[in-house]
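In our numbering, the protein residues as written are 37 to 331. The beta-carbon is built from N, C-alpha and C at its ideal position, and this holds for glycine as well. Read through the structure below, which is laid out as structure tokens, and then see the notes.
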Ligand SMILES: NC(=O)c1ccc[n+]([C@@H]2O[C@H](COP(=O)([O-])OP(=O)(O)OC[C@H]3O[C@@H](n4cnc5c(N)ncnc54)[C@H](OP(=O)(O)O)[C@@H]3O)[C@@H](O)[C@H]2O)c1
């Protein structure tokens, strides 16, 4: 497949930076990429040096997105955990349909449902529906919690040698994944010519809370203590750290979701074999991620 791919989130934000890695992987395979960035900065310059064409704009603005789709055959869509997902989805779905896009791979969450506790997760359900209705060959990457997300939490608690999150008892289990594995699956699906399943549930490793705290401790060379914080206290600390209301609302509901054993009815807790099948590599473990990330 050598047609032009529009990659959104291409500069890569503070979470999984999936768009940046998808851009790099596609360019390395000789696929032409138009990288959609919010602003011209060093990250955008670097994408240009790698061979990407640049489109600068706001994903919520049709006047920016429509021209960026000119001549595009496939799209990678991601939007940060901030307000605006549904605006950006509606803009992209309508512009991609008009442009005749044949395949659109989008980053969703593990278990989007109308009944989900998190408003952001409910928005992902709507977003999936809108892309399906647009008939643009939507493929939904239903990814679990990124390692990058927990890394932010661990760094926040580091001064007190604690990892403080309301995730329940230490033997509670959490399905996790590297943002880079989500990107690798996305790039593989955008590069492939064969028909693809419309949903990919993405889990890279399943750990108990005690195991994950031990992995962070090893990587940080510290004896970390897990503190099963009260929900209100976690929310207050996260807001005090300057995190956006939308993000804090989503995460606080996410911790509640994963504390509830009923979550297993709606979300898979098995490592996804398709990650290795599609990318040729088994998923990265948390230990491997931290060895690079916290160096
Ligand atoms: N984190 C997790 O644990 C997790 C788990 C499962 C699913 N997800 C899903 O993954 C998605 C986030 O993907 P990601 O981690 O790759 O995101 P990310 O690292 O936060 O990157 C977001 C990118 O979007 C760009 N951007 C932000 N607002 C924009 C706008 N209005 N117009 C154009 N570009 C804009 C950012 O540019 P700037 O940097 O210049 O602002 C950045 O490059 C979310 O939908 C989330 O629900 C996350």
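| query | result |
| --- | --- |
| Helix, strand or coil for residue 138? Go by DSSP, reduced to three states. | coil |
| At a cut-off of 7 Å, is residue 116 close to ligand 1 when judged by its beta-carbon and the heavy atoms of the ligand? | yes |
| Could you name the residues that DSSP lists as bridge partners for residue 175? | 141 |
| Please confirm whether residue 70 and residue 108 have their CB atoms less than 8 Å apart. | yes |
| Express the C-alpha separation of residue 199 and residue 266 in angstroms, rounding to a whole number. | 13 Å |
| Three or more beta-carbon pairs under 8 Å between the segment 262-282 and the segment 211-230, yes or no? | no |
| Measuring from the CB of residue 94, is there a heavy atom of ligand 1 at a distance below 7 Å? | yes |
| Below 8 Å between beta carbons: does that hold for residue 239 and residue 213? | yes |
| Following a CB-centred definition, is residue 45 positioned closer than 7 Å to any heavy atom of ligand 1? | yes |
| Following the continuous alpha helix (DSSP H) through residue 42, name the residue where it begins and the one where it ends. | No alpha helix (DSSP H) contains residue 42, which is instead part of the beta strand (DSSP E) from 41-43. |
| Can you give me the start and stop residues for the beta strand (DSSP E) that residue 71 sits inside? | 69-73 |
| Among the candidates 151, 146, 162, whose CA atom is the shortest distance from the CA of residue 129? | 162 |
| Note down, one range per segment and in chain order, each beta strand (DSSP E) of at least 3 residues found wholly within the segment 222-277. | 235-238, 241-244, 261-263 |
| What are the start and end residues of each continuous alpha helix (DSSP H) run of 4 or more residues lying completely inside the segment 83-156, in chain order? | 98-104, 121-135 |
| Between which residues of its own chain and residue 121 is the CB-CB distance below 8 Å, once the five residues before and five after are set aside? | 115, 156, 159, 160, 163 |
| Output the distance between the C-alpha atoms of residue 175 and residue 245, rounded to the nearest integer angstrom. | 31 Å |
| Could you check the C-alpha separation between residue 203 and residue 277 for me, to the nearest Å? | 19 Å |
| Would you tell me roughly how many angstroms separate the C-alpha atoms of residue 60 and residue 219, rounded to the nearest one? | 10 Å |
| May I ask which residues mark the beginning and end of the beta strand (DSSP E) holding residue 212? | 209-213 |
| Put residue 182 into one of helix, strand or coil per three-state DSSP. | strand |
| Name the residue from 324, 184, 139 whose alpha carbon lies nearest to the alpha carbon of residue 50. | 184 |
| Might you give, ordered along the chain, the residues of its own chain that have their beta carbon closer than 8 Å to the beta carbon of residue 105, omitting 5 neighbours on each side? | 42, 111, 131, 132, 134, 135, 137 |
| Thinking just about the alpha-carbon of each residue, which of 127, 268, 55, 64 is nearest to the one in residue 87? | 64 |
| Given the structure, does residue 156 come close to ligand 1, in the sense that its CB is under 7 Å from one of the ligand's heavy atoms? | yes |
| Three-state secondary structure (DSSP) at residue 320? | coil |
| Between the alpha carbons of residue 85 and residue 286, how many angstroms are there, rounded? | 36 Å |
| Count the other C-beta atoms from every protein chain shown that fall within 10 angstroms of the C-beta of residue 91, then say buried if there are 16 or more, exposed otherwise. | buried |
| Just confirm the distance between the C-beta atoms of residue 307 and residue 222, as a whole number of angstroms; I'd bet it's less than 8 Å. | Actually they are not in contact, since the Cβ atoms of residue 307 and residue 222 sit about 18 Å apart, beyond 8 Å. |
| Give the C-beta separation of residue 215 and residue 54 to the nearest angstrom, bearing in mind that I take them to be a contact with Cβ-Cβ under 8 Å. | 5 Å |
| Among the residues of its own chain, which have a CB less than 6 Å from the CB of residue 209, if the five just before and after it don't count? | 242, 244 |
| Name the DSSP bridge partner or partners of residue 200? | 263 |
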